[in-house]
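Scroll down for the structure; my scribbles are underneath it.
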Amino acid sequence: MSNNKDLEQSQELANQTLDWLKSNKVKAVPSHYSVGYEHISGQNPGLSFRLSQFNSKGDSLAVELDKLYQEHFGCHTDERLDEFRAGLQQILQQVLSLTERPQAEAKHFHQTLVHSKEILSDESTDLDGVLDVIQHLVTETQRMDTSICAMETELRQTNDEVSLLKEQYDQVRSEVFTDPLTGVSNRRGLDSALRKLTADGTQQPNLSVLMIDLDNFKPFNDKHGHLVGDQVLCFAAKILKNATRGSDLISRYGGDEFAVILPDTKVQEAKTVAFNILKRFQSNTIKRRSSREVLGTLSASVGVAELHPDETLEEMMERADRGLFASKRNGRNQVTALPKL
């Protein structure tokens, strides 16, 4: 009876969550649903308080839900990473024990050889004594060989464990840093990449950034539906991949906004890349996947910024974002690079 009651309760919460997402014009993707469920169930007062301070709906709320998901649910992935670290430490301890073992074995074998040599050097040792030494050496040699074989087997097993652990780590890392819809990096992946660029702290990296926002995406999404909107986001991500180099990082920054990090690129070169992206957007038509109906072409507003020597990465990103909004104010489908103030 209790199980039935719990099931009915969870179903009711699920329906309330879906209604809440619908009323706020937000897609019921797993990340949004997870945050919404926590909020509706009242299990996370801190999360609910954040949402109560946020009055927007639609895409703006979707971006906020993505942020809350990373803050409140990304920790589960961090726990898995902690588990991998603990597993790796355990394997390292095993390897350390394996490397210490042959040292002890070799020392014991060396002592056996020295002792055998001393016996053989003694002129009073008779034939039986010599045979005893030979038998002892055979036994110790076999024991040493068995120990080495066992160690090799354990090392192979340990190597297999390390390989499996690496595969699991790479999989989780990919999940953490990849946008599941478009397959490009997500906001967390972008932040991680930017941190790596300045990890050594010895030299300011030479790079530029593009902040790209699809024009009129919300009305398009409302008119044609979220499934078509998702197809457009994937389509835009594919064009960005084709218009950039393998060394560039493409990230879905949130909603219909993308960021592109361009290493070793000056601002004029970055603007050329941006104009090329807009040209590709305009030259490719959007078609409804089910009926092949032509729905139009993409356009976007772009902000461009190059990192200055006395500027932080955050300041560069903010300047590019201001350039994006300037492009929107000036009529959209434009590229704007604002100078550093």
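Last residue of the sequence shown: 487 (the working numbering), numbering continuous.
Yeah, the Cβ is synthetic: ideal placement off N, Cα and C, and Gly gets one too.
Predicted, not measured: the structure shown is a model, and the values here were computed from it.
For residue i, three-class secondary structure by DSSP
i	result
Ile293	The sequence shown places Ser at residue 293, not Ile. DSSP places Ser293 in helix when its eight states are reduced to three.
Asp359	strand
Arg478	coil
Gly469	helix
Gly188	coil
Leu484	coil
Lys171	coil
Asp165	helix
Val97	Residue 97 is absent from the model: the chain starts at 147 and stops at 487.
Pro365	helix
Asn149	Confidence is the limiting factor: at Asn149 the pLDDT is only 46, short of 50, which leaves the residue's position unreliable and the question unanswerable from this model.
Arg435	coil
Arg196	helix
Thr443	strand
Val406	strand
Phe391	Inspection of the sequence shows that residue 391 is occupied by Arg rather than by Phe. Looking at Arg391 - three-state DSSP - the assignment turns out to be coil, as it is neither helix nor strand.
Thr324	strand
Ser397	strand
Ser331	strand
Ser202	coil
CB of residue i within 8 angstroms of CB of residue j, strictly
i	j	result
Val413	Ser473	no
Ser393	Ser331	no
Ser267	Leu283	no
Gln377	Arg435	yes
Gly442	Asp205	no
Leu534	Arg196	The chain is shown from 147 up to 487; residue 534 falls before or after that span and cannot be answered.
Ser194	His185	yes
Phe255	Glu298	no
Val172	Leu207	yes
Leu459	Leu336	no
Val379	Leu327	The amino acid at residue 379 is misidentified as Val; the sequence shows Leu. Yes, the Cβ-Cβ distance between Leu379 and Leu327 is below 8 angstroms.
Asn561	Ala389	This structure gives no information on residue 561, because the portion of the chain shown stretches from 147 to 487.
Phe427	Ile385	yes
Nearest-angstrom Cα separation, counted from residue j out to residue i
i	j	result
Ala416	Asp306	45 angstroms
Lys433	His370	11 angstroms
Arg391	Phe404	16 angstroms
Leu259	Ala296	22 angstroms
Val95	Leu424	As displayed, the chain neither begins before 147 nor continues past 487, which places residue 95 out of reach and without an answer.
Ser148	Asn161	Note that Ser148 scores a pLDDT of 45, beneath 50, so its modelled location is shaky; the value from the coordinates is reported in the next line. Cα to Cα, Ser148 sits roughly 20 angstroms from Asn161.
Ser100	Phe471	There is simply no residue 100 to check, as the chain begins at 147 and stops at 487 in what is shown.
Glu439	Lys342	44 angstroms
Ile294	Gln281	20 angstroms
Ser169	Leu159	15 angstroms
Met462	Glu251	60 angstroms
Ala382	Ser198	33 angstroms
Ile407	Glu210	23 angstroms
Leu487	Glu457	10 angstroms
Pro409	Asn201	37 angstroms
Thr411	Thr163	45 angstroms
Asp274	Glu264	15 angstroms
Ala483	Asp165	42 angstroms
Gln257	Val279	13 angstroms
Asp291	Glu300	14 angstroms
Ser429	Tyr399	24 angstroms
Asn476	Pro485	17 angstroms
Ser180	Pro455	41 angstroms
Pro365	Ser320	32 angstroms
Arg478	Thr431	18 angstroms
Neighbour-count burial assignment, residue i, 16 or more Cβ in a 10 Å radius
i	result
Gln303	exposed
Asn367	buried
Gly182	buried
Arg333	buried
Gln288	exposed
Ser437	exposed
Leu356	buried
Val419	buried
Leu277	exposed
Asp212	buried
Asp325	buried
Residue i CB to nearest heavy atom of the ligand NAP below 7 angstroms
i	result
His254	Absence of the ligand NAP is noted for the structure shown, with no ligands found whatsoever.
Practice task
May I ask you to verify whether the region 446-453 touches the region 467-487, counting CB pairs closer than 8 angstroms and requiring at least 3?
Solution key: Output reads yes: the region 467-487 touches the region 446-453.
Exercise for the section: Answer yes if the region 433-447 comes into contact with the region 351-367, meaning at least three C-beta pairs across the two stretches below 8 angstroms, and no otherwise. Expected result: Yes, the region 351-367 touches the region 433-447.
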